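Here this note's numbering = 1-based position in the sequence shown + 7.
A virtual CB, placed ideally from N, CA and C, is assigned to each residue, including glycine.
Small disclaimer: the values here were computed from a predicted structure and weren't measured.
The block underneath contains the structure these notes are about, expressed in structure tokens.
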Amino acid sequence: MARYAVLVAPSANRVYTQSAPELTAAELAVFSERALGGRLEPAEVVELGGRPYLSFEVEDGELAAGELRVLANLSSAYALFEIVGDGLLKPLGEAPLDRFDDDLITIQKYAGKTNENFTKLLLNVTALATSWADQLLTRRFVVLDPVAGRGTTLNQALMYGWDAIGIELDGKDVEAYSAFLKTWLKNKRIKHTTEMAPLRRRASGSAAGSTRASATCGTSRSI
8 MARYAVLVAP
18 SANRVYTQSA
28 PELTAAELAV
38 FSERALGGRL
48 EPAEVVELGG
58 RPYLSFEVED
68 GELAAGELRV
78 LANLSSAYAL
88 FEIVGDGLLK
98 PLGEAPLDRF
108 DDDLITIQKY
118 AGKTNENFTK
128 LLLNVTALAT
138 SWADQLLTRR
148 FVVLDPVAGR
158 GTTLNQALMY
168 GWDAIGIELD
178 GKDVEAYSAF
188 LKTWLKNKRI
198 KHTTEMAPLR
208 RRASGSAAGS
218 TRASATCGTS
228 RSI
């Protein structure tokens, strides 16, 4: 039997920080069932050194490197450890899927923004609910967000190297996200192409309708 502990990352949102251990425990159960063959025992929240951890056991031996890399993508996991002996924490360092710097997720600040960790949790659970859950590390998923806002979910999909498609009625949000992404790509010196053009919605075959902004973006970096 092997024992593990996940250090839960703090959040800028105080309410989410309080809820994060229980939410991450539920997320961990989904990872276990859908991507790890049900190998993980139910996690419990424990306090070590004054910080909340999730502790769980694997009855049939240690987790392999590929399995640890799956768990590296838990939404609120700051660090993963193996518990050795009476409580010694051995750090495990498998890399997550992230393809870009995390400021792609964190730099935008505006009223009503969905918590980044919660967004990642929802995206993880959605991907794991598909028929391709066992391909989490290798498949290039296509993510459609029908209420994209200013792109929190789209950015998380891009972080994973997935294709992101967003739909948003508020032209100001589309313009704000387009401007942010263009600036971010330029500052990071990532070769890319962008296009911004009006999108006209027609009603019953007539030219009437609302005009919305539409943006497309592609990068030349292999993701």
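Spatial neighbours of G156 in its chain, beta-carbon cut-off 7 Å, leaving aside the 5 residues before and after: One-based indexing of the sequence shown puts residue 156 at position 149. Closer than 7 Å at Cβ, skipping near neighbours: E175, D180.
Could you check the C-alpha separation between L61 and T200 for me, to the nearest Å? What you label residue 61 is simply residue 54 of the sequence shown in a count that begins at 1. What you label residue 200 is simply residue 193 of the sequence shown in a count that begins at 1. Looking at the two C-alpha atoms, the distance is approximately 42 Å.
For R10: DSSP bridge partner residues: Position 3 of the sequence shown, counting from 1, holds the residue named residue 10. Looking at the DSSP assignment, R10 forms a beta bridge with E64, I90.
Taking three-plus beta-carbon pairs below 8 Å as touching, is the region 61-81 in contact with the region 94-108? yes
At which residues does the beta strand (DSSP E) containing I112 begin and terminate? In the sequence shown, residue 112 corresponds to position 105, counting from 1. Run containing I112: none in the beta strand (DSSP E); it sits in the alpha helix (DSSP H), 110-113.
Of all the options A86, Y23, A33, E40, which has the alpha carbon lying nearest to the alpha carbon of V232? Outside the displayed span of the chain (8 to 230) sits residue 232, for which this structure offers no information.
Same chain only: Cβ atoms within 6 Å of L165, ignoring 5 sequence neighbours per side: Translated into the one-based positions of the sequence shown, residue 165 becomes position 158. Excluding positions up to five away in sequence, the list reads A171.
Give me the Cα-Cα distance between F88 and E202, rounded to the nearest whole angstrom. Numbered from its first residue, the sequence shown carries residue 88 at position 81. Numbered from its first residue, the sequence shown carries residue 202 at position 195. Computed Cα separation, rounded: 44 Å.
Within the chosen definition, does the region 118-130 reach the region 180-189 through at least 3 CB pairs nearer than 8 Å? no
Along the beta strand (DSSP E) that carries D105, what are the first and last residues, could you check? Residue numbering aside, residue 105 sits at position 98 when the sequence shown is read from its first letter. First-last for D105: undefined, no H or E at that position.
Could you give the distance in angstroms between the alpha-carbon of V150 and the alpha-carbon of S138? Stepping through the sequence shown from its first residue, residue 150 is reached at position 143. Stepping through the sequence shown from its first residue, residue 138 is reached at position 131. About 14 Å.
Determine whether the beta carbon atoms of I112 and N162 lie at a separation below 7 Å. Here the question's residue 112 lines up with position 105 in the sequence shown. Here the question's residue 162 lines up with position 155 in the sequence shown. Yes.
Relative to the C-alpha of L144, which residue among V154, W169, A84 is closest? Residue 144 sits at position 137 when you count from the first residue of the sequence shown. It is W169 whose Cα lies nearest to the Cα of L144.
Check whether chain D comes within 7 Å of P153, counting only Cβ atoms and requiring the distance to be less than that. Among the protein chains of the structure shown there is no chain D, as only one such chain exists.
Is DSSP giving G73 helix, strand or coil here? In the sequence shown, the residue the question calls residue 73 occupies position 66. It is helical.
Under the rule that 16 or more other beta-carbon atoms within 10 Å means buried, what is A214, buried or exposed? Looking up residue 214 in the sequence shown gives position 207. With a pLDDT of only 44 at A214, under the threshold of 50, the placement of this residue in the model should not be trusted, and no figure is reported.
Neighbourhood of L43 by C-beta, 6 Å cutoff - its chain only, sequence neighbours within 5 removed: Along the sequence shown, one-based indexing puts residue 43 at 36. Once the five neighbours on either side are set aside, the close Cβ partners of L43 are E74.
Could I get the ranges of all uninterrupted alpha helix (DSSP H) runs contained in the region 126-176, with 4 residues as the minimum, in chain order? DSSP runs (the alpha helix (DSSP H)) wholly in the region 126-176: 159-166.
So E182 is in the alpha helix (DSSP H); what residue range does that whole segment cover? Counted from its first residue, the sequence shown places residue 182 at position 175. Per DSSP, E182 belongs to the alpha helix (DSSP H) from 178-194.
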